[in-house]
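Student: Below you will find the structure I want to go over with you.
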Amino acid sequence: MGKKDATGVRSTPVEQYRKQIGKQDWKKSKKEVKASKSHAQIKKTASGMQDVLLIVGTCLTLVIGLYFMMYWYLNKENLVSAPMDEEY
Numbered sequence: 001m002g003k004k005d006a007t008g009v010r011s012t013p014v015e016q017y018r019k020q021i022g023k024q025d026w027k028k029s030k031k032e033v034k035a036s037k038s039h040a041q042i043k044k045t046a047s048g049m050q051d052v053l054l055i056v057g058t059c060l061t062l063v064i065g066l067y068f069m070m071y072w073y074l075n076k077e078n079l080v081s082a083p084m085d086e087e088y
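Going letter by letter, the sequence shown gives residues 1 to 88 in full-length UniProt numbering.
Here it is, written out as structure tokens:
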């Protein structure tokens, strides 16, 4: 079994030109495939990073909100229970 472009069989210059163009197209498409794979990988890792930042931001917002609600509630309680000193 021989290869398609065996050395024993001479092909016309047009066929050689077509083979050369086909090889160049294959190389270009390999580069495009590599570029698209790397682009997809970057998107995948960036998505994970965005998820982490979203979770941390949400937790931080909840803790800050809880802190301010407790501060407001406890401060309001202190004002009500404190005796008012009214001197005219």
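Backbone N, C-alpha and C fix where the C-beta goes; we use that ideal spot for every residue, glycine too.
1) In angstroms, rounded to a whole number, what distance separates the CA positions of V52 and S36?
2) Report the three-state DSSP secondary structure of R18 (helix, strand or coil).
3) Leaving out the 5 sequence neighbours to the left and right, which residues in its chain are closer than 8 Å to G22 when beta-carbon positions are compared?
Tutor: Straight from the coordinates:
1) As a working note, residue 52 is residue 52 in the sequence shown. As a working note, residue 36 is residue 36 in the sequence shown. Computed Cα separation, rounded: 25 Å.
2) Indexing the sequence shown from 1 puts residue 18 at position 18. Note: R18 maps to helix in three-state DSSP.
3) Position 22 of the sequence shown, counting from 1, holds the residue named residue 22. So the list is empty, once near-sequence residues are dropped.
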